[in-house]
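Visitor: For reference, each letter of the sequence shown is one residue, going 1 to 152 in our numbering.
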Amino acid sequence: MSALKDRLRADLTTAMKARDEVRSSTLRMVLTAITNAEVAGKQARELSDDDIVGVLSTEAKKRREAATAFSEGGRAEMAAKETAEAAVIADYLPAQLSEEEIADLVTAAIAQVGAAGEGMKAMGKVMGVVTPQVKGRADGGAVAAEVRRQLG
């Protein structure tokens, strides 16, 4: 079993003992999402730590989007709940990259691919190089926006 999954389970037990409702419900939800990812597809498999980080990133993105939707809809209490869940999930993700770090990675990828003069046609090549480098550490939308800005 992966070390990250063990840590999630141990932290769930600790949160339950401390009667921390938000943390325990969020960790239960995350562990369920991990289990669903393990049994998805034709054959059950054990997820690696990298795969689990991918699941955590997806869950964190869902929380951010839901919080935005709730706050725009005037449901402040639901937005606060989603934001709190996103904060719990963020504890288990690698440190997020700053905008400057993303810009530096994109600049290096453009130079590596040699896409400086190609414009938007080279976006796929650049994203193919940058995406594995930022996996779990930056939102894909932010990376794509930076690639568009530098190419276009």
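Where is the CB? At the ideal position from N, CA and C, for every residue including glycine.
List the endpoints of the continuous alpha helix (DSSP H) containing Leu153.
Guide: Absent from the structure is residue 153, since the part of the chain shown begins at 1 and ends at 152.
Visitor: If you run the structure through DSSP and keep just helix, strand and coil, what is Gln96?
Guide: Residue state, collapsed to three classes: coil.
Visitor: In this structure, does DSSP put Gly54 in helix, strand or coil?
Guide: Gly54 falls in the helix class under three-state DSSP.
Visitor: Using only alpha-carbon positions, find the residue among Lys81, Leu27 and Ser48 that is nearest to Asp91.
Guide: If we check each option's Cα against that of Asp91, Leu27 comes out closest.
Visitor: Ala40 and Val55: beta carbons closer than 8 Å?
Guide: No, the pair does not count as a contact, with Cβ atoms beyond the cut-off.
Visitor: Within its chain, find whatever has a CB closer than 7 Å to the CB of Ser2; leave out the 5 residues flanking it on each side and keep chain order.
Guide: The residues are Leu47, Ser48, Asp49 and Ile52.
Visitor: So Leu97 and Val134 are in contact, right, with Cβ under 8 Å, and what is the actual spacing, rounded?
Guide: Confirmed, about 6 Å.
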